[in-house]
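Going by the numbering used here, the sequence shown opens with residue 20, and the numbers climb by one from there. Only one structure is covered here, and it is reproduced in the block below.
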Amino acid sequence: MIFSVNPRRRGWQDVGYKHVALLFDHFRLDQKEPETPIRQELDGKRRLSDIIKEEIDDLEDEHLYPQSKKKTHSFTEVKGLVFVRWIDRIGEDPNTFTTRLFEKIVTNNISLDMFHSLKRLIPVENTTYASPEKAANLALQLCQPHFNATKPLTFRVDIQVRQNSSANKTKLIHAIADTISHMGAHKVNLTAPDKIVIVEIIRQICCMSCVSGEQYRKNFCFSFDKVRESYE
Numbered sequence: 020m021i022f023s024v025n026p027r028r029r030g031w032q033d034v035g036y037k038h039v040a041l042l043f044d045h046f047r048l049d050q051k052e053p054e055t056p057i058r059q060e061l062d063g064k065r066r067l068s069d070i071i072k073e074e075i076d077d078l079e080d081e082h083l084y085p086q087s088k089k090k091t092h093s094f095t096e097v098k099g100l101v102f103v104r105w106i107d108r109i110g111e112d113p114n115t116f117t118t119r120l121f122e123k124i125v126t127n128n129i130s131l132d133m134f135h136s137l138k139r140l141i142p143v144e145n146t147t148y149a150s151p152e153k154a155a156n157l158a159l160q161l162c163q164p165h166f167n168a169t170k171p172l173t174f175r176v177d178i179q180v181r182q183n184s185s186a187n188k189t190k191l192i193h194a195i196a197d198t199i200s201h202m203g204a205h206k207v208n209l210t211a212p213d214k215i216v217i218v219e220i221i222r223q224i225c226c227m228s229c230v231s232g233e234q235y236r237k238n239f240c241f242s243f244d245k246v247r248e249s250y251e
């Protein structure tokens, strides 16, 4: 998961992490916990924020760099971004958590003052190397469960590129869109699509998720800033 935070204040990384940890603690209160011995032991001894803190280590992914074993710890230095590695012990996938979180915020008009540095939450289901070919392969793997071959759907690819001057947004979008189109009679709809593929290119990493277009629009594109504006 990627949290966009306000980078203009001093110590934004520490403040951003604290607000992320606070957010996880705050919004797990009414969450149904999986009935597993591991989870029961975990809940009895440790806070979720402690687990998250352990997982913000370096975002190391050796599968992206099998030869050099290059670490991606420098990605934690991208200005304005806080990375959280998602783990199964949390009990739900990033998309479900993000949707549930914003539904609760919007439905209950919850104040976001305590999370004032957080700007946006971007769920990440999987990552790969930032090339059109790799992005297309990931889209095939990630989007198939969301697109039924017998039921045509509309979709849109939203892409943001950060600190990568060589990434070609047009080629990336076409590669992903072509892959999805070949899964069935699915077509691009830029205004009100059934599904939205969120792509974040950060240096040489391509982060991707596929979300419901209706939920995305209903929940202010997962933007804390837009929620705050709606309260004004």
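The C-beta atom is built at its ideal place from N, Cα and C for all residues, glycine as well. Source: prediction; values computed, not measured.
Asked                                                                                                                                : Found
Cβ pair count under 8 angstroms reaching 3, the segment 198-216 against the segment 119-132                                          : no
According to DSSP, residues forming a beta bridge with THR173                                                                        : LYS206
Residue environment, GLY35, which counts as buried when at least 16 other CB atoms sit within 10 Å                                   : buried
ILE221 beta carbon less than 7 angstroms from that of CYS162                                                                         : no
Sequence ranges, alpha helix (DSSP H) only - wholly within the segment 207-248, length at least 4                                    : 232-237
Same chain, Cβ closer than 7 angstroms to PHE46, five either side skipped, listed in chain order                                     : LEU120, LYS123
Local conformation of ILE129 per DSSP, three classes                                                                                 : coil
Other residues of its chain near ASP15: CB distance less than 7 angstroms, five sequence neighbours each side excluded               : Because the chain is modelled from 20 through 251, residue 15 falls outside the range shown and cannot be assessed.
Cβ distance (whole Å) where VAL230 is taken to contact ASN114 below 8 angstroms                                                      : 6 angstroms
Residue span of the beta strand (DSSP E) that contains LYS98, given as start and end                                                 : Segment: none, LYS98 is in no beta strand (DSSP E) and carries neither H nor E.
Straight-line Cα distance separating ASN238 from ASP156                                                                              : The sequence shown places Asn at residue 156, not Asp. Near 29 angstroms, if we compare the C-alpha coordinates of ASN238 and ASN156.
For SER87, three-class secondary structure by DSSP                                                                                   : Residue placement at SER87 cannot be trusted, given a pLDDT of 35 that sits under 50; what the coordinates show is reported in the next sentence. Coil, per DSSP.
Spatial distance of LYS98 from PRO26 (CA atoms)                                                                                      : 6 angstroms
Rounded straight-line distance, which links the Cα of HIS193 to that of MET202                                                       : 14 angstroms
Element boundaries [beta strand (DSSP E), containing VAL24]                                                                          : 21-24
Other residues of its chain near PHE166: CB distance less than 8 angstroms, five sequence neighbours each side excluded              : LEU172, PHE174, ILE199, MET202, GLY203, HIS205, LYS214
Beta-carbon contacts of LYS105 that lie in its chain and below 7 angstroms, excluding the five residues immediately before and after : Note that residue 105 is Trp in the sequence shown, not Lys. Answer for TRP105: MET20, PRO113, listed in chain order.
Alpha-carbon to alpha-carbon, ARG247 and GLU152                                                                                      : 38 angstroms
SER136 classed as buried or exposed, judged by whether at least 16 other C-beta atoms fall within 10 angstroms                       : buried
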